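Engineer: Numbering (this note's numbering), first residue to last: 51 to 503.
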RNA sequence: GUGGAUAUAGCGUAGUUGGUUAACGCGUCAGAUUGUGGUUCUGAAGAUCGUCGGUUCGAGUCCGACUAUCCACCCCA
């Protein structure tokens, strides 16, 4: 009895049939990022636990209850990254890249880990595309980041299904004032709030705004709004951002309730929201984090970025029936009759591959049975099939069957590559010529004796 | 951490008020005369009905516990 081992809770296998979707999203995002001048960066899956505690925030849910932390030999503890920004910021500082010509722009596609109860659009291992920009405090940088995310979604055909929400949570100074105002507002209602919100009132009053319990919502409806408390600089910055987005023709809603759960955000925060993937509507989230680099390195360098969840994006894509590029399939399957022919097919397949074709032959050993080989060729969606047996080896001619039409075209075995190239691509490519002598030798025929005729 | 739902062959499902050989579709494999796929027809393999315990003459069907999965709260990508 085989031992049954299941994949860990909250993880997902991405099977061959799913790969085209992933490749489409990955390739397209990377291409757009590169158009915007972002370069790819890869950082470790695990980092020193302290990095996340200091960047994401020691009171955040992510740090307090969702991290996968392992203790290593010695006293070190490491944590599987719950998000991408922290590690990238660390790498930019450590490498010194952050001090080179500003702005520095990087992107990444990585798996992240959070110990949560899985549900639709929420996994313990999930993948994000992320982009970060360092060294610009200008609202143009904020707009650039948003425009880049917008461009990716647009090119995927999703712009009608994903809404952009933006907000500003100000700098530490104006946020502190706002926090006080919020506390003052909610304090009289303390007993009417839900239990978690009563805690929030002391710990993180900003969170009171996006509680979903009806009572809290009702109370929060009359709460003061962050935007009214922004200092002149922050208010101006946000105003310019809105103007630039409008210039680009990007539609957005100002949503004072967007708060973001990661502590490092300042000023601009935004989300792209889809309504059709269950409760997890936020496909993309991002914003500015002007104090994070200082926090980690002592150098005050403004920065900002965003990330989107590949799983959530793909769910949205699927819900709208958006088509993906097909995975490449076998160009030619060489069906063999008998062991001798099979050996020749193996060698021929090898030469075909060297000439750029995807070629396969019978690896099972189906002997002289053609039908199962045809079935298999059909199953793997081979574009062409060539049956080779003693007759073909005798006459040096075979037929290439086009599997979509059933048409058969004669082909010379001793000129196989050229003839096949002719059939698949009549205009011809730059195939490396394979000599008649070589093909004959592959087929086990002595060119000398063959020449006499 | 808290709720709700579900759990039958590789996958998707059916299984009437508990009654004896657990059904169907897809998939897999094999045939339908001699070396040719996709359609059709025939046949075969494949399930200790999530696990453990209980009620009963008898349980896939009822009860309980456990486990797993999904959905939601929470949180966020």
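Even for Gly, the Cβ is constructed at its ideal location relative to N, Cα and C.
Quick caveat: nothing in here was measured; it's all calculated off a predicted structure.
Can you have a look at residue 432 and say buried or exposed, based on whether 16 or more other CB atoms are within 10 angstroms of its CB?
Structural biologist: Here residue 432 refers to the residue found at position 382 when the first chain is read from its first residue. Burial call: buried.
Engineer: Using only CA atoms, which one of 413, 316, 288, 357 lies nearest to residue 322?
Structural biologist: Numbered from 1 along the first chain, position 272 holds the residue referred to as residue 322. Looking at the Cα atoms, 357 is the closest of the given residues.
Engineer: Excluding the five sequence neighbours on either side, which residues of its own chain have a C-beta within less than 7 Å of the C-beta of residue 396, listed in chain order?
Structural biologist: Residue 396 sits at position 346 when you count from the first residue of the first chain. Closer than 7 Å at Cβ, skipping near neighbours: 411.
Engineer: What do you get for residue 105, buried or exposed, if any count of 16 or more other CB atoms within 10 angstroms of its CB means buried?
Structural biologist: As a first step, residue 105 is located in the first chain; it is residue number 55 there, counting from the start. Looking at its Cβ environment, which holds 16 or more other Cβ atoms inside 10 Å, residue 105 is buried.
Engineer: For the alpha helix (DSSP H) containing residue 530, list its first residue and its last residue.
Structural biologist: Outside the displayed span of the chain (51 to 503) sits residue 530, for which this structure offers no information.
Engineer: Between 306, 484, 464, which lies nearest to residue 490 when the distance is taken from Cα to Cα?
Structural biologist: In the first chain, the residue the question calls residue 490 occupies position 440. Per the Cα distances, 464.
Engineer: Counting along the chain, where does the alpha helix (DSSP H) carrying residue 393 start and finish?
Structural biologist: One-based indexing of the first chain puts residue 393 at position 343. That run of the alpha helix (DSSP H) goes 389–404.
Engineer: Only counting the same chain, and skipping five residues up and downstream in sequence, which positions put a Cβ closer than 8 Å to that of residue 51?
Structural biologist: Taking the first residue of the first chain as 1, we reach residue 51 at position 1. Because the pLDDT of residue 51 is 37, which lies under 50, any placement of that residue in the model is unreliable, and the number read from its coordinates should be weighed accordingly. Nothing listed; no residue qualifies.
Engineer: Is it right to say residue 190 is buried, meaning 16 or more other beta carbons lie within 10 angstroms of its own, or is it exposed?
Structural biologist: Taking the first residue of the first chain as 1, we reach residue 190 at position 140. Its Cβ having fewer than 16 others within 10 Å, residue 190 is exposed.
Engineer: From which residue to which residue does the beta strand (DSSP E) around residue 276 run?
Structural biologist: Your numbering for residue 276 matches position 226 in the first chain. Unbroken run through residue 276: none, as it is neither H nor E.
Engineer: If you reduce the DSSP assignment to three classes, tell me which class residue 98 lands in.
Structural biologist: Position 48 of the first chain, counted from the first residue, corresponds to residue 98. It is a strand residue.
Engineer: Using 8 Å as the Cβ pair cut-off and three pairs as the minimum, do the region 104–124 and the region 61–74 touch?
Structural biologist: Contact fails: fewer than three Cβ-Cβ distances are below 8 Å.
Engineer: Where DSSP assigns a beta bridge to residue 436, which residues make up the other side?
Structural biologist: Position 386 of the first chain holds residue 436. For residue 436, which the question treats as bridged, DSSP gives the partners 384, 450.
Engineer: Give the single residue among 398, 193, 409, 402 whose Cα lies nearest to the Cα of residue 378.
Structural biologist: Locating residue 378 in the first chain gives position 328, where the first residue counts as 1. For the residues 398, 193, 409, 402, the minimum Cα distance to residue 378 belongs to 409.
Engineer: By how many angstroms is the C-alpha of residue 241 removed from the C-alpha of residue 308?
Structural biologist: On the first chain, residue 308 is found 258 positions in, with the first residue counted as 1. On the first chain, residue 241 is found 191 positions in, with the first residue counted as 1. Answer to the nearest angstrom: the Cα atoms are 25 Å apart.
Engineer: Hey, residue 382 and residue 402 are a contact pair by Cβ (cut 8 Å); roughly how many whole angstroms apart?
Structural biologist: Counted from its first residue, the first chain places residue 382 at position 332. Counted from its first residue, the first chain places residue 402 at position 352. About 6 Å; that satisfies the 8 Å criterion.
Engineer: Tell me which residues share the same chain as residue 261 and place their Cβ nearer than 6 Å to its Cβ, disregarding the 5 neighbours each side in the sequence.
Structural biologist: Within the first chain, numbered from 1, the residue matching residue 261 stands at position 211. Answer for residue 261: 247, listed in chain order.
Engineer: Per DSSP, which residues does residue 77 bridge with? Please list them.
Structural biologist: Within the first chain, residue 77 is the residue found at index 27, counting from 1. None; residue 77 has no bridge partner.
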